[in-house]
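First up is the structure itself, then whatever we jot down about it.
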Amino acid sequence: MIKLAKTIYDLHPLIKKRFSPHGFKDEPIEKEQLLKLLEAASWAPSSYNEQPWRFIIGIKGDTGSYDKIFSCLNEHNQHWAGSAPVLLISVGKKMLTRNNAPNRFHAFDSGQAVAMMSIQAAHEDIYIHQMGGFDAIKAQKIFHIPEEYEVLAAMAVGKIKHDPSQMDEIPKDEIFYRNRKEIESFTFENDWEIPFK
Ligand SMILES: Cc1cc2nc3c(=O)[nH]c(=O)nc-3n(C[C@H](O)[C@H](O)[C@H](O)COP(=O)(O)O)c2cc1C
């Protein structure tokens with residue numbers, strides 16, 4: 000299945016291309032490609048350039064990390080995410096390294112890192128599906144993640160069956176359109192919920 004974005008404005012093709020697939024092609028991701036995605040994540044902006052994001056990497060058939068991440072996913076996500084060649088868990092460092100004060104932007108910044116990674120991934124014909132449906136407490140325990148870090152999201156990473164650049168070859172029932180809220184519904188001016196016109 001391929002999900003397309005119908006946008007109002009002429010957005011960057013990679014923004015339109017990215018989506019969260021519920022199934023992946025049975026094809027590994029090259030280590031270099033994965034490192035490229037992780038480097039893209041590292042170029043995200045972050046408060047005080049703290050770079051609070053951390054990632055646990057699971058490559059199918061490798062060290063057992065993949066199986067450990069998979070075991071944390073809820074039943075719904077296990078149903079489809081096992082087709083992905085790579086599973087990740089994102090983790091945020093809760094305290095600033097410079098003064099050990101709470102970093103209220105750690106999840107915000109970690110999310111930006113994943114967004115960067117997702118766009119770079121789209122450029123490489125790789126797709127990332129983030130998941131909140133997993134047992135974060137179990138992940139914290141089985142990966143021995145210290146208390147000063149917060150487990151944020153799991154991710155499935157892989158290639159998809161259909162090539163979005165070959166739309167003519169994709170069966171119609173494999174194409175879905177994604178929706179988004181209207182801009183006026185989430186942008187305000189002068190006061191809360193006064194729509195920005
Ligand atoms: C933090 C986060 C948690 C999510 N959790 C799940 C999940 O547990 N299971 C799932 O199938 N999709 C999950 N999603 C995917 C969203 O449903 C998806 O991003 C949203 O429907 C928009 O679709 P799109 O990414 O294809 O544009 C999650 C996405 C994010 C960012």
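Read left to right, the sequence shown gives residues 0 to 196 (numbering that gives the first Met the number 0). We put the beta carbon where it would ideally sit given N, CA and C, even for glycine.
Secondary structure at Ala83, three-state DSSP: helix, strand or coil?
As a first step, residue 83 is located in the sequence shown; it is residue number 84 there, counting from the start. Looking at Ala83 - three-state DSSP - the assignment turns out to be coil, as it is neither helix nor strand.
Check whether the Cβ of Ala120 lies closer than 7 Å to any heavy atom of ligand 1, and answer yes or no.
Within the sequence shown, the letter at position 121 stands for residue 120. For Ala120, the shortest C-beta to heavy atom distance toward ligand 1 is 7 Å or greater.
When the Cα of Pro27 is compared with those of Gly110, Phe18, Gly157 and Glu74, which residue comes out closest?
On the sequence shown, position 28 is the one that residue 27 refers to. The shortest Cα separation from Pro27 among Gly110, Phe18, Gly157 and Glu74 belongs to Gly157.
Which whole runs of the beta strand (DSSP E) in the stretch 125-150 are 3 residues long or more, in chain order?
DSSP runs (the beta strand (DSSP E)) wholly in the stretch 125-150: 126-130.
Measure how close the beta-carbons of Ala39 and Gln119 come, nearest whole angstrom, since I'm counting them as under 8 Å.
What you label residue 39 is simply residue 40 of the sequence shown in a count that begins at 1. What you label residue 119 is simply residue 120 of the sequence shown in a count that begins at 1. Rounded, the Cβ-Cβ distance is 3 Å, consistent with contact.
Could you work out which residue in Ile68, Tyr8, Gly91 and Lys171 is closest to Gly81 when comparing CA atoms only?
In the sequence shown, the residue the question calls residue 81 occupies position 82. Checking every option, the nearest Cα to that of Gly81 belongs to Ile68.
Which residue wins for smallest C-alpha separation from Pro44, given the options Gln111, Lys16, Glu31 and His75?
Here residue 44 refers to the residue found at position 45 when the sequence shown is read from its first residue. Among Gln111, Lys16, Glu31 and His75, the Cα nearest to that of Pro44 is on Gln111.
Same chain, Cβ closer than 8 Å to Glu183, five either side skipped, listed in chain order
Taking the first residue of the sequence shown as 1, we reach residue 183 at position 184. Excluding the 5 residues flanking it on each side, Glu183 has same chain C-beta neighbours closer than 8 Å at Pro194, Phe195 and Lys196, in chain order.
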